[in-house]
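Enquirer: Below: one structure in structure tokens.
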């Protein structure tokens, strides 16, 4: 049986982020990907012109239909959009390893979900997660911090988030430093810093989705969380390195999920 990952999240019609990025990542890493779509969007490389949140009952039907037949080794969540969907998903992931990428802000850092939805992440979904992967803005919101501007701030946020129930925390610090990309992993015992030089790529789209999906793929393949994060970072680094010369659309560049094809 192939490794199986169910991704629950939003659709990006431009193909750079969301469910589309998840499926590309899973396929590139040899995992069979399945989806339950929460939000459909009309977007391209530089703007979102329309979006629709799907009814919670329909999202639930997608999840149940997939799990009852195909099953999943790991579930990955992205944009869940609103309170009732978050609460419903928390009941579906019980007993299944789960990567929670808490999409709380847009590309400009503005919060796009309600405060009640944020509380549901903290109190209901995180205790069911295997690992959570917020970016700096999301980690600050979740940890009730004004901002995070240093690795010491990342450590403080990670300890706060760990207390919410997830045994593994990865805070993505892509905007922390202009010269490098710094992520912080914490499992309640030790901190691990992932630091790589920043590539000459301007604000690529779909990085967080790709990293979380890669972690899910490696978890499905049997790796421990810290090893899954390590291998996912390596995959993402090469996928970003492969777009340095890409020109696609007028806005943010995508990730080259299939960077090794033809190399």
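Residue numbers (the numbering used here): 4 to 266. Note that CB positions come from ideal geometry on N, CA and C, so glycine has one too.
Taking the C-alpha atoms as reference points, what is the distance between residue 169 and residue 32?
Expert: One-based indexing of the chain shown puts residue 169 at position 166. One-based indexing of the chain shown puts residue 32 at position 29. Rounded to whole angstroms, residue 169 to residue 32 spans 25 Å at the Cα level.
Enquirer: Check for me: the beta strand (DSSP E) holding residue 229 runs from which residue to which?
Expert: Translated into the one-based positions of the chain shown, residue 229 becomes position 226. Segment 228–244 is the alpha helix (DSSP H) holding residue 229; no beta strand (DSSP E) there.
Enquirer: Compute the Euclidean distance between the alpha carbons of residue 83 and residue 8, then round it to the nearest angstrom.
Expert: As a position in the chain shown, residue 83 is number 80, starting the count at 1. As a position in the chain shown, residue 8 is number 5, starting the count at 1. The straight-line gap from Cα to Cα measures roughly 17 Å.
Enquirer: Let me know if residue 12 comes out buried or exposed under the rule of 16 or more other beta-carbons within 10 Å of its beta-carbon.
Expert: For the purposes of this step, residue 12 is identified with residue 9 of the chain shown, where counting begins at 1. Burial call: buried.
Enquirer: Taking the straight line between their C-alpha atoms, what separation do you get for residue 192 and residue 165?
Expert: Against the chain shown, residue 192 aligns to sequence position 189. Against the chain shown, residue 165 aligns to sequence position 162. Residue 192 and residue 165: Cα-Cα distance of roughly 10 Å.
Enquirer: Give the secondary structure of residue 66 by DSSP, where H, G and I count as helix, E and B as strand, and everything else as coil.
Expert: Sequence index remark: in the chain shown, residue 66 carries index 63 (1-based). The answer is helix: DSSP assigns residue 66 an H, G or I state.
Enquirer: For my contact list, residue 228 and residue 259 are in at a C-beta cut-off of 8 Å; report their separation, rounded to the angstrom.
Expert: As a working note, residue 228 is residue 225 in the chain shown. As a working note, residue 259 is residue 256 in the chain shown. With 8 Å as the limit, residue 228 and residue 259 do not qualify as a contact, their Cβ atoms being about 26 Å apart.
Enquirer: Judging by CA-CA distance, which residue of 112, 75, 65, 114 is the nearest neighbour of residue 102?
Expert: One-based indexing of the chain shown puts residue 102 at position 99. Looking at the Cα atoms, 75 is the closest of the given residues.
Enquirer: Does the count of Cβ pairs from the segment 41–58 and the segment 232–250 closer than 8 Å reach three?
Expert: Counting Cβ pairs under 8 Å, fewer than three are found: no touch.
Enquirer: Contact check, residue 232 vs residue 261 under 8 Å by CB: the rounded distance?
Expert: By 1-based counting over the chain shown, the position of residue 232 is 229. By 1-based counting over the chain shown, the position of residue 261 is 258. That belief does not hold up - the Cβ atoms of residue 232 and residue 261 are roughly 21 Å apart, past 8 Å.
Enquirer: With DSSP collapsed to three states, give me the class of residue 9.
Expert: Taking the chain shown and counting its residues from 1, one reaches residue 9 at position 6. Reduced to three states, the DSSP call for residue 9 is strand.
Enquirer: How is the beta strand (DSSP E) around residue 92 delimited, first residue to last?
Expert: Locating residue 92 in the chain shown gives position 89, counting from the first residue. Segment 86–95 is the alpha helix (DSSP H) holding residue 92; no beta strand (DSSP E) there.
Enquirer: Any chance you could list the alpha helix (DSSP H) runs of at least 4 consecutive residues sitting entirely within the segment 145–192, in chain order?
Expert: 154–165, all fully within the segment 145–192.
Enquirer: Using C-beta distances below 7 Å, list every residue in its chain close to residue 144, excluding the 5 sequence neighbours before and after it, in chain order.
Expert: As a first step, residue 144 must be located in the chain shown, where it is residue number 141. Answer for residue 144: 107, 114, 121, listed in chain order.
Enquirer: Over the uninterrupted alpha helix (DSSP H) stretch that includes residue 27, give me the two end residues.
Expert: Along the chain shown, read from residue 1 onward, the residue named residue 27 stands at position 24. Here the alpha helix (DSSP H) through residue 27 covers 21–31.
Enquirer: In three-state terms, what does DSSP make of residue 210?
Expert: In the chain shown, residue 210 corresponds to position 207, counting from 1. Three-state DSSP puts residue 210 in a helix.
Enquirer: How would you label residue 255, buried or exposed, when you count the other beta carbons within 10 angstroms and need 16 or more for buried?
Expert: Position 252 of the chain shown, counted from the first residue, corresponds to residue 255. With 16 or more other Cβ atoms within 10 Å, it is buried.
Enquirer: Does DSSP put residue 130 in a helix, in a strand, or in coil?
Expert: The sequence position of residue 130 within the chain shown is 127, counting from 1. It is helical.
Enquirer: What is the C-beta distance between residue 79 and residue 216, in whole angstroms, given that I count them as a contact (C-beta under 8 Å)?
Expert: Position 76 of the chain shown, counted from the first residue, corresponds to residue 79. Position 213 of the chain shown, counted from the first residue, corresponds to residue 216. Indeed they touch by this definition, with Cβ atoms about 6 Å apart.
Enquirer: Just to check my reading of the structure: residue 185 and residue 154 have Cβ atoms closer than 8 Å, yes? What is that Cβ distance to the nearest angstrom?
Expert: Here residue 185 corresponds to residue number 182 of the chain shown, with the count starting at 1. Here residue 154 corresponds to residue number 151 of the chain shown, with the count starting at 1. Yes, they are in contact, since the Cβ atoms of residue 185 and residue 154 sit about 7 Å apart, within 8 Å.
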